[in-house]
Amino acid sequence: MGDDTISAKDLAKLIETLADIIQQIGSLEELEGWLRSQHYIKSIRTADYLIKTNPPRKELLVTFKMDNGSTVTKVIDIVLYPNKTFGLAEVHEP
Amino acid sequence: MSDGKNDLIKKLNSFEADQLLGELKSRPKKVRSSGPFQDVDSATIAKVLKDKQKAIYGVDDRKDLFLVDDQGILNDADCVVSLFQNREVVDNGDGTSTLAVKNFGTEYNLCNNERFREQPTGAFCSGFLVAPDLVATAGHCVNPSNVTNILFVFGFRMVDETTPHTNIDNNEIYRGLKVIDRKEISDGSDWAVVKLERAVANHRITDFRRTGIIQNNQAVHVIGHPCGLPTKFAGGARVRDNTSGEFFVANLDTYGGNSGSPVFNSDTHQVEGILVRGATDFASSNGCDVSLVCPSSGCRGEDCTKTTEFSYLFGQENGPEVILLDTTISSMLPDKDSIKEYVIKGIESGKKLIINLEGPEGQDFDLYVKFGSLAKVDDWDSRGYTSDPNEEVTIDPTEQGDYYITVHAFAGKGNFNLKANTMSSEND
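As you go down the protein sequences, you meet chains H and R in turn.
Just so you know, the working numbering puts the end of the first sequence at 94, numbered straight through with nothing missing.
Just so you know, the working numbering puts the end of the second sequence at 1428, numbered straight through with nothing missing.
Below is the structure:
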């Protein structure tokens, strides 16, 4: 539809590459900033809680603008390793 | 201590605990602190904060089980399992396995005075036994694609102050077979019920709430594996918020690794919830980390999925017990003519339904099955009615629905096993 949307196929590709992106970030704020800079992002919210796995996880609720006019929200679970690095645990539905 | 240091501590004590906590948490991100905390080192802030929390709220109630002498709590702990990745449990080839654990203090870069820093860490979640071969845990701990790579381990505990039990008898280790059902809603219901590869013979199956609501301010305690450590009990908590229908909030002392832990009603010892999420655990302080639990009235509290969220899998307290396909139910009939009633929900047509009863040797137990309503000795669709303790009924369902089963002690009494499974009609 326009440059500020993403197709379902590209969203699936983005999710596939998220693990690599997350491993390279230095902070959750950096990840949030990168996502916000993508034109197809409608909103991002960082959960105010920790998921209590070991190591624990933080959830980012991200809403994408789809090319069919709809929006899709995904929850990105980010692992917070004790050495202050990050990893992708899973991406799931809200 | 110098006068200057005394003055600094006095000044820091004038701040609320949440203000000190907020300053510590923000420090890794800021280039330099400003305002009232300028030039104050993190270690001093952390010390004042911990003393403040301890004085006001008596925080960090975590306790190793060898220090617990309350038999009710020890009974509760018997149903608790630790979850390990398959690759982190090494079979020794002699009937035991060794848990691949790491030193907690090193792994978490803990400051020298942190509790449990010399203990091993390795579990990634916790869980508890709800049926002979079913474990309940958090939905985010397991899913259908990883469940067979997860081992459910009983007995990961401290034997004494310095000795962890990490060489585990293989009889205490169970592989996940499949996820019976699961839910993972962000900021909502979060639970999973997992079928194990075999029934657990020697651990307590916990009782859990199936209907109703836990009271606000009810005393609760949690048993699990905070930070992946050997089993810890943590009491001294209460239900703070019950407004969500799916979970309640309590001021429990929990950490990453406690996900899936049973949260017990401290009066009845019935499990009320599954610990799933909560406040931040650690803060950095001069190059190492300190654990900070939240006070009873501050922070956001710890969310516990209510057990009523998954109780539909196990039936109501006064009706027939819901049984699941491919799951062995073990029970007993105490007298001649006593009965037990069950229901299997949602059986589809097109596959044969096979129900097996294994009764006590030398006794005569019978099996009655009826579609859509309670099966009775004088009202049934199919029955196994020999003079043996064991019976089998095979049904070819013509419509989808619920099948009710009654086990009847025609003569004698004793323990029995009941199991239902389906088979493709093509396999005849």
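Ideal Cβ positions, reconstructed from N, Cα and C, are used throughout, including at glycine.
Contact under 9 Å by Cβ, Phe1248(R) with Lys1183(R): Taking the first residue of the second sequence as position 1, residue 1248(R) is located at position 248. Taking the first residue of the second sequence as position 1, residue 1183(R) is located at position 183. No, these two residues do not count as a Cβ contact at 9 Å.
Given 8 Å, three or more beta-carbon pairs between the region 1197-1211 of chain R and the region 43-63 of chain H: no
Start-end ranges of the beta strand (DSSP E) lying completely within the region 1234-1299 of chain R, minimum 3 residues: Annotation: the region 1234-1299 of chain R contains the following complete segments of the beta strand (DSSP E) (minimum length 3 residues), in chain order: 1247-1250, 1262-1265, 1271-1278, 1282-1285, 1288-1291.
Minimum C-alpha distance to Phe1314(R) - residue among Arg1204(R), Asp1181(R), Gly1301(R): Counted from its first residue, the second sequence places residue 1314(R) at position 314. Comparing alpha carbon positions, the residue from Arg1204(R), Asp1181(R), Gly1301(R) closest to Phe1314(R) is Asp1181(R).
Cβ of Val1193(R) within 9 Å of any chain H Cβ: Taking the second sequence and counting its residues from 1, the one referred to as residue 1193(R) is at position 193. No, because no Cβ of chain H sits closer than 9 Å to the Cβ of Val1193(R).
Below-9 Å beta-carbon distance, Ala1136(R) vs any chain H residue: Here residue 1136(R) refers to the residue found at position 136 when the second sequence is read from its first residue. No, because no Cβ of chain H sits closer than 9 Å to the Cβ of Ala1136(R).
Which of helix, strand or coil DSSP assigns to Trp34(H): Start at 1 with the first residue of the first sequence, and residue 34(H) comes out as number 34. In the structure shown, Trp34(H) sits in a helix (DSSP, three-state: H, G or I).
Sequence-distant residues of the same chain with beta carbon closer than 7 Å to Pro56(H), five excluded per side: Position 56 of the first sequence, counting from 1, holds the residue named residue 56(H). The answer, listed in chain order, is Leu50, Leu80.
Any 3 or more C-beta pairs closer than 8 Å across the region 1382-1402 of chain R and the region 1339-1357 of chain R: yes
Residues, ordered as in the chain, of the region 48-68 of chain H that lie near chain R by beta-carbon distance below 9 Å: Asp48, Tyr49, Leu50, Ile51, Lys52, Thr53, Asn54, Pro55, Pro56, Arg57, Glu59, Leu61
Per DSSP, the bridge partner or partners of Cys1125(R): Position 125 of the second sequence, counted from the first residue, corresponds to residue 1125(R). Paired residues: Leu1083(R).
Limits of the beta strand (DSSP E) - the one that Ile15(H) falls within: As a first step, residue 15(H) is located in the first sequence; it is residue number 15 there, counting from the start. Unbroken run through Ile15(H) is the alpha helix (DSSP H), 8-24; no beta strand (DSSP E).
CB contact check: Ala1279(R) to chain H, cutoff 9 Å: Locating residue 1279(R) in the second sequence gives position 279, counting from the first residue. At least one chain H Cβ lies under 9 Å of Ala1279(R).
Contact residues within the region 1246-1273 of chain R, judged by C-beta distance below 9 Å to chain H: Residues are counted here when their Cβ sits less than 9 Å from a Cβ of chain H; for the region 1246-1273 of chain R these are Thr1254, Tyr1255, Gly1256, Gly1257, Asn1258, Ser1259, Gly1260, Ser1261, given in chain order.
Val1369(R) to Ile1339(R) span [Cα, whole Å]: If you number the second sequence from 1, residue 1369(R) lands on position 369. If you number the second sequence from 1, residue 1339(R) lands on position 339. Going from the Cα of Val1369(R) to the Cα of Ile1339(R) covers about 13 Å.
Within-9 Å CB hit, Ser1186(R) to chain H: As a first step, residue 1186(R) must be located in the second sequence, where it is residue number 186. Yes, contact with chain H.
Distance between Lys1413(R) and Met1332(R) (C-alpha atoms, nearest Å): Stepping through the second sequence from its first residue, residue 1332(R) is reached at position 332. Stepping through the second sequence from its first residue, residue 1413(R) is reached at position 413. In this structure, the straight-line span from the alpha carbon of Met1332(R) to that of Lys1413(R) is close to 8 Å.
Same chain only: Cβ atoms within 7 Å of Phe1371(R), ignoring 5 sequence neighbours per side: Within the second sequence, numbered from 1, the residue matching residue 1371(R) stands at position 371. Closer than 7 Å at the Cβ level, and outside the excluded window around Phe1371(R), lie Asp1381, Gly1401, Tyr1403.
Extent of the continuous beta strand (DSSP E) to which Phe1015(R) belongs: As a working note, residue 1015(R) is residue 15 in the second sequence. From DSSP, Phe1015(R) is part of no beta strand (DSSP E); its letter is neither H nor E.
Residue-chain proximity (His39(H), chain R), Cβ-Cβ < 9 Å: Residue numbering aside, residue 39(H) sits at position 39 when the first sequence is read from its first letter. No, because no Cβ of chain R sits closer than 9 Å to the Cβ of His39(H).
Whole runs of the beta strand (DSSP E) within the region 1083-1163 of chain R, excluding any shorter than 3 residues: 1089-1091, 1096-1099, 1125-1131, 1134-1137, 1150-1153
Beta bridge counterpart(s) of Leu61(H) as assigned by DSSP: One-based indexing of the first sequence puts residue 61(H) at position 61. According to DSSP, which records beta bridges pairwise, Leu61(H) is partnered with Arg45(H), Val75(H).
Closest Cα partner of Leu1008(R) within the set Glu1107(R), Asp1018(R), Phe1037(R): Taking the first residue of the second sequence as position 1, residue 1008(R) is located at position 8. Looking at the Cα atoms, Phe1037(R) is the closest of the given residues.
For Lys1345(R), the nearest candidate out of Leu1367(R), Asp1326(R), Val1322(R), Asp1364(R) (CA to CA): Numbered from its first residue, the second sequence carries residue 1345(R) at position 345. Checked all of Leu1367(R), Asp1326(R), Val1322(R), Asp1364(R); the closest Cα to Lys1345(R) is Val1322(R).
Under the three-state DSSP convention, the category Leu1324(R) falls into: Against the second sequence, residue 1324(R) aligns to sequence position 324. Three-state DSSP puts Leu1324(R) in coil, outside helix and strand.
Distance between beta carbons of Ser1126(R) and His1225(R), contact taken as under 8 Å: Position 225 of the second sequence holds residue 1225(R). Position 126 of the second sequence holds residue 1126(R). Going by Cβ atoms, the distance from His1225(R) to Ser1126(R) rounds to 5 Å, so yes, they are a contact pair.
Burial state of Ala1375(R), where buried means 16 or more other Cβ atoms lie within 10 Å: Sequence index remark: in the second sequence, residue 1375(R) carries index 375 (1-based). It is buried - the Cβ of Ala1375(R) has at least 16 other Cβ atoms within 10 Å.
CB contact below 9 Å: Phe1124(R) versus chain H: The residue you call residue 1124(R) lines up with position 124 of the second sequence. True, the Cβ-Cβ gap to chain H drops below 9 Å.
Three-pair Cβ contact test at 8 Å for the region 1160-1168 of chain R versus the region 1096-1113 of chain R: yes
Within-9 Å CB hit, Tyr1174(R) to chain H: Taking the first residue of the second sequence as 1, we reach residue 1174(R) at position 174. Answer no: the Cβ-Cβ gap between Tyr1174(R) and chain H never drops below 9 Å.
Coarse secondary structure for Tyr1057(R), derived from DSSP in three states: In the second sequence, residue 1057(R) corresponds to position 57, counting from 1. Its pLDDT being 43, under 50, Tyr1057(R) is placed unreliably by the model, and nothing is read from it.
Host beta strand (DSSP E) of Leu1333(R) (start-end): Translated into the one-based positions of the second sequence, residue 1333(R) becomes position 333. Run containing Leu1333(R): 1329-1333, per the beta strand (DSSP E) assignment.
For Ala1199(R), three-class secondary structure by DSSP: Within the second sequence, numbered from 1, the residue matching residue 1199(R) stands at position 199. Coil.
Any C-beta of chain R under 9 Å from that of Val96(H): The structure shown has nothing for residue 96(H), since chain H only spans 1 to 94.
Endpoints, the beta strand (DSSP E) within which Ala975(R) is located: Shown here, chain R extends from 1001 to 1428; a query on residue 975(R) therefore has no answer.
Close-in-space but distant-in-sequence residues of the same chain around Asp1267(R) (CB under 7 Å, 5 per side omitted): As a first step, residue 1267(R) must be located in the second sequence, where it is residue number 267. Result list for Asp1267(R): Ala1219, in chain order.
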